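A short worksheet on the structure shown next.
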Amino acid sequence: MIEVVEETASTNADLSRRLGAGEGLAEGFWLRAVRQSAGRGRRGRQWSSPEGNLYASTVIALRADDPPVHTLAFVAALAVGDLMALRLRGGTDCQLKWPNDVLVGGAKICGILLERTGDHVIAGIGVNVVSAPRLPDRATTSILSENPADSGDAQAVLGDLASCFAARLVRWRSEGLASTLAEWTRHAHPQGTPLLVAMDEEGMVPGAFAGLDPDGALRLRLADGSLRVVHAGDVSLA
Ligand code: BTN
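Its first residue numbered 737, the sequence shown is counted upward by one per residue in the working numbering.
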């Protein structure tokens, strides 16, 4: 089910409040806002949310035997990758970047924000459908600039995204984490790709992508040949 509101501060904040108030939101439920006045990005950043692009959040009800919760980042990224294959007709080069960035031709086309509320995770996804906000530190693109034949209809994009997300969630649970990580790796930058990881304490740490740990952590080969395992940090292609 998809609920649409004209404007709200943040669809993630709304779902968090509704879950906190005891509202039973089933998996498969999506809240979409046509505009957000205080869209939230990762690491406390704002997410610019003018009309035309997609801003939507859904809930995942955690189960005792689910893979580790942080690996939902890969589920969300793979779902958006599947969405791009549909909307861009598979014709454009789409690449995943750890942990949950989706790049088209090297440019950011969406944002994914996962937040936990008790035994639920809220997955908030913003997709640049008709326009791409300018960011100071990275290139951005939109579905329409990559595929001018697309309808540019955010509601239709959400219909596709909801199907892609549900299918990836089922596979995460039924096939297990190793299969999800293998799929993510297949669509990610190749081993050896130079990366810059922004760490809270140390600033920018350069290294080369050396695959994933079995729990999904990023393996970074440092200049001295040692291996650094990164569990959290902002990654950019160097
Ligand atoms: C990022 O910084 O890359 C993540 C951005 C996530 C934006 C989406 S838009 C829908 C949902 N509601 C929010 O306030 N944020 C997420």
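Note that the Cβ used here is the ideal one computed from N, Cα and C, for glycine as well.
Keep in mind it's a predicted model, so treat the numbers as computed, not measured.
Exposed is the label assigned to GLY912, since fewer than 16 other Cβ atoms lie within 10 Å of its Cβ.
The set of residues with any CB-heavy atom separation to the ligand BTN below 6 Å comprises, in chain order, SER746, THR747, ASN748, GLN772, GLY775, ARG776, GLY777, ARG778, ARG781, TRP783, TYR791, ALA792, SER793, GLY847, ILE848, LEU849, GLY860, ILE861 and GLY862. When only Cα atoms are considered, ASP802 and PHE810 end up about 14 Å apart.
The C-beta distance from PRO930 to PRO942 rounds to 7 Å, short enough to fall under 8 Å. Taking the Cα of ALA914 as reference, the smallest distance to any Cα among LEU832, PRO804 and LEU963 is reached at PRO804. Between ALA813 and TRP920, the gap from beta carbon to beta carbon is short of 8 Å. If you draw a straight line from the Cα of LEU948 to the Cα of ARG776, it comes to about 27 Å.
If the five residues before and after GLN927 are omitted, its C-beta is found closer than 7 Å to the C-beta atoms of PHE945, ALA946 and GLY947, all from its own chain and listed in chain order. Between the alpha carbons of ASP896 and LYS833 lies a gap of roughly 22 Å. Beyond the five residues adjoining it in sequence on each side, ALA774 comes within less than 8 Å, by CB distance, of ALA745, SER746, ALA749 and GLN782 in the same chain, given in chain order.
With a threshold of 16 other beta carbon atoms within 10 Å, ASP886 meets it and is buried.
Annotated as proximal: ASP970 and ALA934, with beta-carbon spacing under 8 Å.
A Cβ-Cβ distance of about 5 Å is found for the pair ALA769 and VAL741, placing them in contact under the 8 Å criterion. When secondary structure is reduced to three states using DSSP, SER972 falls in the strand class.
With fewer than 16 other Cβ atoms inside 10 Å of its own Cβ, LEU963 counts as exposed. Per DSSP, MET820 is one residue of the alpha helix (DSSP H) stretching across 808-823. Residue range 939-948 is occupied by the beta strand (DSSP E) that includes GLY943. When DSSP states are grouped into helix, strand and coil, TRP908 belongs to the helix group. With contacts defined as CB atoms closer than 8 Å, ILE879 and ARG922 fail to qualify as a contacting pair.
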